[in-house]
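Colleague: Residue numbers (the numbering used here), protein chains in the order written: chain A, 1 to 112; chain B, 1001 to 1114.
We treat Cβ as the ideally placed atom computed from N, Cα and C, and that holds for glycine.
Just passing along the structure, written as structure tokens.
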Amino acid sequence: QQPVQSPQAVILREGEDAVINCSSSKALYSVHWYRQKHGEAPVFLMILLKGGEQKGHDKISASFNEKKQQSSLYLTASQLSYSGTYFCGTPSNSNSGYALNFGKGTSLLVTP
Amino acid sequence: DTAVSQTPKYLVTQMGNDKSIKCEQNLGHDTMYWYKQDSKKFLKIMFSYNNKELIINETVPNRFSPKSPDKAHLNLHINSLELGDSAVYFCASSLQGIHNSPLHFGNGTRLTVT
């Protein structure tokens, strides 16, 4: 079962903030976040393993709420380079460490 | 230097043909994957191998046959290609499973079936 991402698409001006949400109908053991630029491969951003864990990567951070079975990705003071499609991924089941199911992606466009 | 490399980058072929995509990783990872990304950018797991052993085989037509000669290589052979097979195929690897290690993707193979 794939996680559900929202929104589907976001358009921002440089310097604005955005939040991308990822939720699952099943218990989550971990959540991955990736960014894919047009014509390129997805690139790893971060993994969140524990409930409530927050991680940061430059001005991109994420939180993981195990109880609510959701994760959010926060993009602060967005830059043009943040444009791309963001995917969250969750293990196919809590015991399986061998497959990551991705959400349908959130397309982010940052304009000057 | 490339961590996960796939060949070819582009593949254009006619319906009914058989084709192969090769993947190699030099990261020393134990687990390798094949993902299919369709025109709507949906990334779907096809296969997962751990130390040359098939772990995950999602609902994929048996025209698709993965082969892992060693843990650094995972190839994908596709028989009797159909129009619906057109997509970008990504190979990926991770250290051990995916719970606490990221996926490293190859650059993808864009397959076009005419």
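At the 7 Å Cβ level, is T85(A) part of the contact set with chain B, yes or no?
Modeller: The beta-carbon of T85(A) is placed less than 7 Å from the nearest beta-carbon of chain B.
Colleague: Under 7 Å between beta-carbons, which chain B residues line up against F102(A)? List them in chain order, please.
Modeller: Those within 7 Å of F102(A) in chain B are L1043.
Colleague: Between G56(A) and chain B, is there a C-beta pair that is closer than 7 Å?
Modeller: no
Colleague: So, is the C-beta of S94(A) closer than 7 Å to a C-beta in chain B?
Modeller: Interpretation of S94(A) is limited by its pLDDT of 49, a score under 50 that renders its predicted location unreliable; the figure taken from the coordinates is listed afterwards. It does not: the Cβ of S94(A) has no partner Cβ on chain B nearer than 7 Å.
Colleague: Please classify S94(A): is it buried, with 16 or more other beta-carbons within 10 angstroms of its beta-carbon, or exposed?
Modeller: The predicted position of S94(A) is uncertain, since its pLDDT is 49 and thus under 50; no value can be drawn from it.
Colleague: Assuming G1108(B) and S1005(B) are in contact, meaning their beta carbons sit under 8 Å apart, how far apart are those beta carbons, in whole angstroms?
Modeller: Their Cβ separation, rounded to whole angstroms, is 11 Å, which puts G1108(B) and S1005(B) out of contact at 8 Å.
Colleague: Let's test the definition: count the other Cβ atoms within 10 Å of the Cβ of Q1014(B) and tell me whether it reaches 16, buried, or not, exposed.
Modeller: exposed
Colleague: Assign Y1089(B) to one of two classes, buried (16 or more other C-beta atoms within 10 Å of its C-beta) or exposed (fewer than that).
Modeller: Its Cβ being crowded by 16 or more others within 10 Å, Y1089(B) is buried.
Colleague: Apart from the five residues on each side of it in sequence, which residues of its chain come closer than 7 Å, Cβ to Cβ, to H1073(B)?
Modeller: C1023 and E1024
Colleague: Would you say the stretch 16-36 of chain A touches the stretch 61-76 of chain A, given that touching needs at least three Cβ pairs under 8 Å?
Modeller: yes
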